[in-house]
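Trainee: Chains as they are written, first to last, in the working numbering: chain A, 1 to 128; chain B, 1001 to 1134.
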C-alpha cells in the first residue's frame, strides 16, 4: 500500500499531502506519524495540505486526530497551505477545525512552531 | 431538461476518490468557479463515503443537466441497497452519527448543494440526489 512520506526537518516533521487521499491512506498517515514523533523525538509536526483540492469531514477529522495525538506525545501540529476554496467549503460544511493551528505556508508554519516551542521552554524554565 | 450521464460504482475507498475526480472533471467542464467545484466535490465525497460505509456500497450517477432557463447544472445521485435510515431528519442533523464520524456528512452535503433530496426506507436502501447550478 502507498504511504504519505514524512520528512525530518530539524526537530520537526514535515508531511506533504500531495495525492488525493483515500481513507485508508489517511488512517495509515495517523499511525506512521505518531510512530515517527516518538522514534525521532520530534517536537513539532507541519502538515502541508496545499496539494489537497478538498478537505471533507473525514480528512478534517484526521487532521484533528493528528493534532490531538501529537499533543499527547508532547509535539505541536500546524496545518499549512490550505487553498482558499477549501477554507470556504470547510466552514460552510460546518467544520472549523477546532484545536488545529494553521499557517499560510511552510515557512510561516515553521516560524509558528519554533515560537510555540520556545515559549513552552521559557514557561518551563520559569516554573523551575 | 437535457441530460448526459455517467454511472460509477462505489465499492471501495478508491472508488470514492474516483467519484471525486469524476465530479471535479464534470464541474470543470461546466465552467464552475473554483469554489463551486470544491463545494460539489466535497459534497460528493461525503455522500460517496456514506454510500460505502453505511449503505455497504452502491453507485453514483453524474448528470450534466440544463434547466428551462438554459442554466447548466450538475446532478449527482448516490444509491445503495443497504439498511436504510430510520429517521432521516435525525440523520440530517449536524453532529448526529452512527458511524463514528463527525456527523457532518449528510447535513454538510445539503449545505453545499443548491438542491437536496433524500429517499430512504429501512431494509431497502437510500438514495440521495443533489444538484448544483452554475
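Note that CB positions come from ideal geometry on N, CA and C, so glycine has one too.
Can you round the beta-carbon distance between residue 1092 of chain B and residue 57 of chain A to whole angstroms, since I take them to be within the 8 Å contact cut?
Mentor: Your numbering for residue 1092 of chain B matches position 92 in the second chain. Your numbering for residue 57 of chain A matches position 57 in the first chain. With a Cβ gap of about 14 Å, residue 1092 of chain B and residue 57 of chain A do not count as contacting.
Trainee: Checking 9 Å against the spacing of the C-beta atoms, do residue 1010 of chain B and residue 1084 of chain B come in under that value?
Mentor: Locating residue 1010 of chain B in the second chain gives position 10, counting from the first residue. Locating residue 1084 of chain B in the second chain gives position 84, counting from the first residue. It is not a contact, given that the beta carbons lie outside the stated cut-off.
Trainee: Is there a Cβ from chain D that is less than 9 Å from the Cβ of residue 1039 of chain B?
Mentor: Protein chains in the displayed structure are A and B, and chain D is not among them.
Trainee: List, in order along the chain, the chain A residues whose C-beta lies closer than 7 Å to that of residue 1017 of chain B?
Mentor: On the second chain, position 17 is the one that residue 1017 of chain B refers to. Within 7 Å Cβ-Cβ: 20 and 22.
Trainee: Given a cut-off of 9 Å, decide if residue 18 of chain A and residue 51 of chain A are closer than it, judged by their beta-carbon atoms.
Mentor: The sequence position of residue 51 of chain A within the first chain is 51, counting from 1. The sequence position of residue 18 of chain A within the first chain is 18, counting from 1. Yes, the pair counts as a contact, with Cβ atoms nearer than the cut-off.
Trainee: Which residues, in order along the segment 1040 to 1072 of chain B, keep a beta-carbon less than 7 Å from a beta-carbon of chain A?
Mentor: Listed by position, the residues of the segment 1040 to 1072 of chain B near chain A (Cβ gap below 7 Å) are 1041, 1042, 1045, 1046 and 1049.
Trainee: Taking the straight line between their C-alpha atoms, what separation do you get for residue 1123 of chain B and residue 1048 of chain B?
Mentor: By one-based count along the second chain, residue 1123 of chain B stands at place 123. By one-based count along the second chain, residue 1048 of chain B stands at place 48. Their Cα atoms are separated by approximately 19 Å.
Trainee: Exposed or buried, residue 1050 of chain B, counting other C-beta atoms within 10 Å across all chains shown (16 or more means buried)?
Mentor: Reading the second chain from its first residue, position 50 is the one you call residue 1050 of chain B. That one is buried.
Trainee: Smallest Cα separation from residue 1041 of chain B: which of B/1134, B/1089, B/1120 and B/1027?
Mentor: The residue you call residue 1041 of chain B lines up with position 41 of the second chain. It is B/1027 whose Cα lies nearest to the Cα of residue 1041 of chain B.
Trainee: Give the DSSP-derived three-state secondary structure of residue 1032 of chain B in the structure shown.
Mentor: As a working mapping, residue 1032 of chain B is identified with position 32 in the second chain. Coil.
Trainee: Starting from the Cα of residue 90 of chain A, find the closest Cα among A/54, A/118 and A/115 and give me that residue.
Mentor: Here residue 90 of chain A is taken as the residue at index 90 of the first chain, counted from 1. Among A/54, A/118 and A/115, the Cα nearest to that of residue 90 of chain A is on A/54.
Trainee: Could one say the Cβ of residue 129 of chain A lies closer than 9 Å to chain B's Cβ atoms, at least one of them?
Mentor: Because chain A is modelled from 1 through 128, residue 129 of chain A falls outside the range shown and cannot be assessed.
Trainee: Identify each residue in the segment 85 to 107 of chain A for which the Cβ-Cβ distance to at least one residue of chain B is less than 7 Å, and report them in chain order.
Mentor: Listed by position along the chain: 85, 86, 88, 89, 92, 93, 94 and 95.
Trainee: Using 10 angstroms around the beta-carbon of residue 41 of chain A, count the other beta-carbons present and answer buried if the total reaches 16, otherwise exposed.
Mentor: By 1-based counting over the first chain, the position of residue 41 of chain A is 41. By the neighbour-count rule (16 or more Cβ atoms within 10 Å), residue 41 of chain A is not buried but exposed.
Trainee: Relative to chain B, which residues along the segment 36 to 52 of chain A have a C-beta separation below 9 Å, given in chain order?
Mentor: If the cut-off is 9 Å between Cβ atoms, the segment 36 to 52 of chain A has nothing near chain B.
Trainee: Name the DSSP beta bridge partners of residue 1079 of chain B, please?
Mentor: Counting from one through the second chain, the residue named residue 1079 of chain B turns up at place 79. Answer is B/1059 and B/1127, bridged to residue 1079 of chain B.
Trainee: Going by DSSP in three states, residue 35 of chain A sits in which element: helix, strand or coil?
Mentor: The count along the first chain starts at 1 and reaches residue 35 of chain A at position 35. Helix, per DSSP.
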